[in-house]
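*Asks:* Residue numbers for the sequence shown follow the numbering used here, so the first one is 15 and each next one is one higher. Glycine included, each C-beta is placed from N, C-alpha and C at the ideal position. Below is one structure. I have some questions about it.
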Amino acid sequence: MRASLSFLSHDPVLTYSLIAALFLGLAAIISGLTRLDFIAVFHPHGLLTIVTAVASAVVLMLLAGGLEQLTTNLPWVWVSDLPQTNFPLAGTWRLPLYLVALAYGPSAGLLTAGLFAAFAVSSGTPSWPEALFAFELGVVGWLAIAPSPYTYRWAASFNILLAHLLTTITAGFALLQWQYGEITLSGLQTLWEPTWGGVLLAAYIVSYLSPNVYTRLFAGSRVQPVQVVHTVHMPLPPLLESVPIQVDSVVPTLSQVTSLQTSSAQVSSQPAPGSESHPKLSPATGRAPTSTQATEHPLGASAFLDLDRSSS
15 MRASLSFLSH DPVLTYSLIA ALFLGLAAII SGLTRLDFIA VFHPHGLLTI VTAVASAVVL
75 MLLAGGLEQL TTNLPWVWVS DLPQTNFPLA GTWRLPLYLV ALAYGPSAGL LTAGLFAAFA
135 VSSGTPSWPE ALFAFELGVV GWLAIAPSPY TYRWAASFNI LLAHLLTTIT AGFALLQWQY
195 GEITLSGLQT LWEPTWGGVL LAAYIVSYLS PNVYTRLFAG SRVQPVQVVH TVHMPLPPLL
255 ESVPIQVDSV VPTLSQVTSL QTSSAQVSSQ PAPGSESHPK LSPATGRAPT STQATEHPLG
315 ASAFLDLDRS SS
């Protein structure tokens, strides 16, 4: 224990890199545990999604390896001279594993990396590249909490690129410092060469996935932002006071119409001032006319006659 501590004290780059990697890993794990992100792993839909992602990654790796060997044996010189690690499909197996980490969080990312290493490692024992990739998936799941791909389209690509960068400058620097004693450009090239193609390709593909894709395909996620509905309490308007309603016209009843007709007939029978005291006789019958034509009344005498005819 003292020997290891003395070794770390003599190598500050390794010490600081390990401390940064430890802090980053603990932050990712604790953030996932506080949100209980591991519950999605035990959900049937989540477990099936993880198994499908691991199987897809293994198939893509085998397919890329077979196509790589096929292209290297072709007679064209420009194809055979290409570096094997820069083969276009060499890193496509990262895509389904990134999606699981983005959708379900750090715990699902670590579990996915462990299952993939158990099935895909040719040597039978996971080594440092697999450990770095597991660390990177944990960081991807941690960054997916915010900004979340469930909310922003660009968040998935941003989280993948940032997680790869943080993994490189923390755990990657610690590994290079421990293996070579220094961090050089050739060491970084050795570390990045097998991975950069798959990282850029995955970041490019997920940039086309909308937030609705994550909501529909990855149900039961514990890192999905909860939509909070804000209730605004507004004061109710004061009650309207009762206002008396003025009726412009009132429909008279039948008794009112009858009394008005009687009063109208009496008024019409009286001669107007300056007129004759007796009514004119009809030249045909010698009698006074029997039509009871009422004079104008404020309510309208013609309306009363129409109502009288309709009632009869």
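Where does residue 62 fall in DSSP's three states?
*Replies:* Residue 62: helix per DSSP, three-state reduction.
*Asks:* If you follow the alpha helix (DSSP H) that residue 208 is in, where does it begin and where does it stop?
*Replies:* Run containing residue 208: none; DSSP gives neither H nor E here.
*Asks:* Span of the alpha helix (DSSP H) holding residue 28?
*Replies:* 26 to 48
*Asks:* Relative to the C-alpha of residue 117, which residue among 240, 228, 273 and 134 is closest?
*Replies:* Checked all of 240, 228, 273 and 134; the closest Cα to residue 117 is 228.
*Asks:* Rounded to the nearest angstrom, what separates residue 67 and residue 134 at their Cα positions?
*Replies:* 13 Å
*Asks:* Where residue 121 and residue 44 are concerned, what is the direct C-alpha to C-alpha distance, given to the nearest angstrom?
*Replies:* Straight-line Cα distance between these residues: approximately 10 Å.
*Asks:* Quick one: Cα of residue 179 to Cα of residue 226, how far?
*Replies:* 27 Å
*Asks:* Residue 48: buried (16+ other C-beta within 10 angstroms of its C-beta) or exposed?
*Replies:* exposed
*Asks:* So what's residue 108 in DSSP terms, helix, strand or just coil?
*Replies:* helix
*Asks:* How do the region 147 to 160 and the region 70 to 79 stand: do at least 3 beta-carbon pairs fall below 8 Å, yes or no?
*Replies:* Judged by pairs of C-beta atoms under 8 Å, the region 147 to 160 does not touch the region 70 to 79, as fewer than three such pairs exist.
*Asks:* Give the DSSP-derived three-state secondary structure of residue 236 in the structure shown.
*Replies:* The answer is coil: DSSP assigns residue 236 none of H, G, I, E or B.
*Asks:* Within 10 angstroms of the Cβ of residue 174, are there 16 or more other Cβ atoms? Answer buried if so, exposed if not.
*Replies:* buried
*Asks:* Keeping to the same chain, check which residues put their C-beta closer than 7 Å to that of residue 114; ignore five residues upstream and five downstream.
*Replies:* 63, 64, 67, 122, 123 and 126
*Asks:* Do the region 30 to 37 and the region 181 to 195 make contact, defined as three or more Cβ pairs closer than 8 Å?
*Replies:* yes
*Asks:* Return the residue from the list 177, 182, 200 and 218 that minimises the CA-CA distance to residue 167.
*Replies:* 218
*Asks:* What's the call for residue 184, buried or exposed, on a 16-neighbour Cβ count within 10 Å?
*Replies:* buried
*Asks:* Locate the alpha helix (DSSP H) running through residue 53, then write down its first and last residues.
*Replies:* 53 to 56
*Asks:* Indicate whether residue 221 and residue 177 have their beta-carbon atoms separated by less than 8 Å.
*Replies:* no
*Asks:* Exposed or buried, which one is residue 238 when buried takes at least 16 other CB atoms within 10 Å?
*Replies:* buried
*Asks:* Are the CB atoms of residue 41 and residue 156 within a distance shorter than 8 Å?
*Replies:* It is a contact, given that the beta carbons lie within the stated cut-off.
*Asks:* Could you tell me the boundaries of the alpha helix (DSSP H) in which residue 144 lies?
*Replies:* 142 to 157
*Asks:* Applying the criterion that 16 or more other CB atoms from any shown protein chain within 10 Å of the CB defines a buried residue, is residue 24 buried or exposed?
*Replies:* exposed
*Asks:* Please classify residue 165: is it buried, with 16 or more other beta-carbons within 10 angstroms of its beta-carbon, or exposed?
*Replies:* exposed
*Asks:* Whose CA, out of 79, 216 and 202, lies closest to the CA of residue 109?
*Replies:* Of the listed residues, the one whose Cα sits closest to residue 109 is 216.
*Asks:* Buried or exposed, going by whether 16 or more other CB atoms sit within 10 Å of the CB of residue 257?
*Replies:* Here residue 257 scores only 47 on pLDDT, less than 50, and its place in the model should not be relied on; the value that follows carries that caveat. Exposed, by the Cβ-count rule.
*Asks:* Go ahead and label residue 142 buried or exposed: buried means 16 or more other beta carbons lie within 10 angstroms of its beta carbon, across all protein chains shown.
*Replies:* exposed
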